[in-house]
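Numbering (this note's numbering), first residue to last: 1214 to 2217.
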């Protein structure tokens, strides 16, 4: 038993020895692999090493080996940039807290990331390191690299702390001092910066960079020459970015030393921060050009300064203004000085800029405010200025030269200084002319009277008197107009003012309106003696002189005048020919009358007077007892001029001719034709009355009664009452008793709505309402008249009804009445009236095509005066704009510009500038806007729109300052015109967006 136990024991011992030897071999093998992996790791064969480390770690090895494998595996992952590598480091630290390599792991990972320039990751691991467990050599490297990580993270405080720990290190000291110096430089601590830089200036690798820093530091310390001395040699050794910055330092140093010629090339070589300059950069280059006398280039730099609100900007804008003056650009200078005058950084520059702004405003006009207002504001701000007398003199003259009479008058009314009285007389006169041109006669009259009441200048007193007469004439105050024209003609200055040539003509027309025809004829004759150039008015004078003689039964002189008009073959030659023929009848020369009327019909068959001529010709044949010719002539009128008001009269005349020649049946046929075709007219009433006589003569009263009963406008039993009622009302009308006449005609129509005299009663009642200012009340009465057969009252009723609808702005009701007036009118002036107002109505109704059709008709009429032509051209132009036909609009506005006055002239000028801008003619366009601002400053809307065009022009001319300043001024000064402000803001936003691409001072 004991032997057996010994055997077992011996066996067990041998087995244990064998097993131990086997395990030792495996362990030894793993350690060999571990050593192999470490060798691979040191050779930077991290993939191969990592595979072996992972295999060894997974085998049956000691805790220490496993720990080392985990350490190296994590380091391999980091160096291989494998995802989750940092997690492996964290796992190593957590799983092997007692490993001696834990601190080293953090250090090595941090150094690795540092070497890769991944400073945030490096700093993350540097902060995990236990600094007390390192050797001195390791600690120096650790302190420098950790300091640099903080430097990279812009943590100056911590970077400063760690760099200072190695400032005296043999290996890292120079680098640390360089960065300490750089951080001092960055914070403008130039004393410390110079101290550190001086300690490493012998290091070649820092020397070049420090030269740049030292040049910049000296510049900032005001040592400009030293900055130049340090910077110039460094230029050739610098990269592009440093060269740009050094050029700026050198250029600005020369600038501050007032050596502008030397500054220029360096300032030009500066490329800006991130490719952008700022306002100061543009100012310095501009000022250098300015001092060199190169004003064009100075302008090109100064005008890039946008949104400047500091002393640099104020100085720049002032010198920009001076530069503009040097090259003769006063409009541009105006804006620059205005901007400088609104800043208070330098009060002397502000005052000088304001003075220049005021003077230039006087010279060229001001688009933002009236020139007198500018000058007064300057005197108010600088009451003790040495230029006080000069500005006061300019102020007085500016009231006239600015042509902003409305605002000038407002200022003069507030400041009734005796020395301003001469200006007041002129301004009231010119403002009166503006209002007269715009058709505002009542206000114009008030101003002419004010001008006359301030008799400082005899010429202006005479001119105001003349225009007072013109205004009174247009207000139908002919008696007052006559007095004014006589006063003008009797004044000593009457022959030396522009109005002199119109004196006799206007006096003649006034007498004509007052029905003092003899005086009218005399003054027309006087005008004819002196006027030779104006064929239109000369022709008109002959016509009116002929009319004056005609009315006073002086037919031979009348014929002589009409003959002169015929010879001129001008406007209304047909009228002159007709009147001449009629005149022969009044002197008993019916043969010549017939001859001339026949001649008239051959020459003027399309004349408005053709039906008149035929009617007169037929009547004359009746007088000559040439019945056949008379009837034929009446037939010709009836057949060829079916719409004529003489048709009813001609048929009636034919009936009377037959009646007077005992052709009763033929007469009755004609009378019944009149009654049938023209019921309720005067002619119908006369036809019924004459037919009654025929029936009576032929003892056919019953036939008469039977016929009359078919006529709804004849009441046989009430005829006397009808006549009596009407006659009573008409009597009041003829005696000018308006109220009684209105009552009488209203009563008549109430009792006899379709009575014998219903047509006349409606017409007279309408006329009374119209004269009393009750146009709307008159509408039904006028409509009654025009709703009946054509009569002598139709045309005037149509004209009056048109006036009422136009006044009420009921254009849809006006249009059909105007169309009838156009087609039916006998008087040419009514045709013109209809066409011109159809043009306006269609435009108001946005029927632009029809508006243009009628505008063209108006323009084609040689009798159309300039005021109506202006209206027509503006309709054509505006319609073309509305329909985007800019070619036609341009043409129409160009024509309008030649004849328009007042607001229409301002509109025409605006569009002239607008089209020139679109064609790229920026300078020409600006000239037009300047004219608009100077001559029509009272019309603010178009002035504001013109300024937007001017801004676009300046941007096209690469003058960004002018463009943005003008747009900002529009937004500031014209808030009442919302659409204009919106357009200005849109344009301003666009320009600023573009300019911000090159100027860092601009905020979008």
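Backbone N, C-alpha and C define an ideal beta-carbon position, used for all residues, glycine too.
Here the structure is a predicted model, which means the values were calculated and not measured.
Legend entry - Given residue 1996 as reference, the closest of 1532, 1986, 1985 and 2018 once Cα atoms are compared: 2018
Legend entry - Pairwise C-alpha distance: residue 1245 and residue 1235: Interpretation of residue 1235 is limited by its pLDDT of 43, a score under 50 that renders its predicted location unreliable; no figure is taken from the coordinates.
Inset, instruction - Classify residue 1868 as buried or exposed, calling it buried when 16 or more other Cβ atoms lie within 10 Å of its own Cβ. - result: buried
Inset, instruction - Can you give me the Cβ contacts of residue 1796 inside the same chain, cut-off strictly under 6 Å, excluding the 5 residues immediately before and after it? - result: 1768, 1771 and 1772
Legend entry - Among 2169, 2146, 2107 and 2149, the one whose alpha carbon lies nearest that of residue 2131: 2169
Legend entry - Per-residue burial, residue 1438 [other beta carbons within 10 Å of its own, 16 or more giving buried]: exposed
Legend entry - Reference residue 1378, options 1871, 1393 and 2123, closest by Cα: 1393
Legend entry - Own chain residues within Cβ distance below 7 Å of residue 2021, not counting five before or after: 1989
Inset, instruction - On the DSSP bridge assignment, give the partners of residue 1212 in chain order. - result: Any answer about residue 1212 is impossible in this case: the structure gives the chain only from 1214 up to 2217.
Inset, instruction - Tell me whether the beta-carbon of residue 1462 lies closer than 8 Å to the beta-carbon of residue 1507. - result: no
Legend entry - Alpha carbon of residue 2186 to alpha carbon of residue 2154, nearest angstrom: 11 Å
Legend entry - Inter-residue spacing [alpha-carbon to alpha-carbon] between residue 1495 and residue 2050: 58 Å
Legend entry - Run of the alpha helix (DSSP H) containing residue 1990, from where it starts to where it stops: 1988-2000
Inset, instruction - Helix, strand or coil for residue 1173, going by three-state DSSP, please let me know. - result: The question about residue 1173 has no answer, for the chain in this structure spans 1214 to 2217.
Inset, instruction - Identify, in the order they occur along the chain, each residue of the same chain with its Cβ nearer than 8 Å to the Cβ of residue 1672, setting aside the five sequence neighbours on each side. - result: 1706, 1709 and 1710
Legend entry - Classification of residue 1742 by the beta-carbon crowding that lies within 10 angstroms, buried from 16 upward: exposed
Legend entry - Cut-off 6 Å between Cβ atoms - residues of its own chain near residue 1651, not counting five sequence neighbours on either side: 2115
Legend entry - Separation of residue 1943 from residue 1961, as counted between CA atoms: 10 Å
Inset, instruction - Just the C-alpha distance for residue 1851 and residue 1891, rounded to the nearest angstrom, thanks. - result: 13 Å
Legend entry - Collapsed DSSP secondary structure at residue 1758 in the structure displayed: helix
Legend entry - Meets three-Cβ-pair contact criterion under 8 Å: the stretch 2155-2167 and the stretch 2191-2208: yes
Legend entry - Secondary structure, beta strand (DSSP E): runs of 3+ residues fully inside the stretch 1328-1371: none
Legend entry - CA-to-CA distance, residue 1516 to residue 2208, given in whole angstroms: 11 Å
Legend entry - C-beta atoms of residue 1809 and residue 1793 nearer than 8 Å: yes
Inset, instruction - Out of 1435, 1486 and 1469, state which residue places its alpha-carbon closest to the alpha-carbon of residue 1453. - result: 1486
Inset, instruction - Quick one: using the 10 Å Cβ neighbour count with 16 as the cut-off for buried, is residue 1527 buried or exposed? - result: buried
Inset, instruction - Classify residue 2079 as helix, strand or coil using the three-state DSSP reduction. - result: helix
Legend entry - Neighbourhood of residue 1675 by C-beta, 7 Å cutoff - its chain only, sequence neighbours within 5 removed: 1701, 1704, 1706, 1707 and 1710
Legend entry - Contact under 8 Å by Cβ, residue 1203 with residue 1518: No statement about residue 1203 is possible, as the shown extent of the chain runs from 1214 to 2217 and does not include it.
Legend entry - Contact the stretch 1360-1371 vs the stretch 1342-1352: 3+ CB pairs below 8 Å: no
Legend entry - Euclidean distance between Cα positions of residue 1638 and residue 1667: 6 Å
Legend entry - Sequence-distant residues of the same chain with beta carbon closer than 8 Å to residue 2071, five excluded per side: 2045, 2048, 2049, 2052, 2077, 2081, 2082, 2084 and 2085
Legend entry - 6 Å CB neighbourhood of residue 1764 in its chain, flanking five on each side removed: 1730
Legend entry - Pick from 2143, 2140, 2133 and 2184 that is closest to residue 2171, judged by C-alpha positions: 2133
Legend entry - Alpha-carbon spacing of residue 1565 relative to residue 2102, whole angstroms: 44 Å
Inset, instruction - Run through the stretch 1498-1536 for me and flag every whole alpha helix (DSSP H) of 4 or more residues, listed as ranges in chain order. - result: 1508-1515
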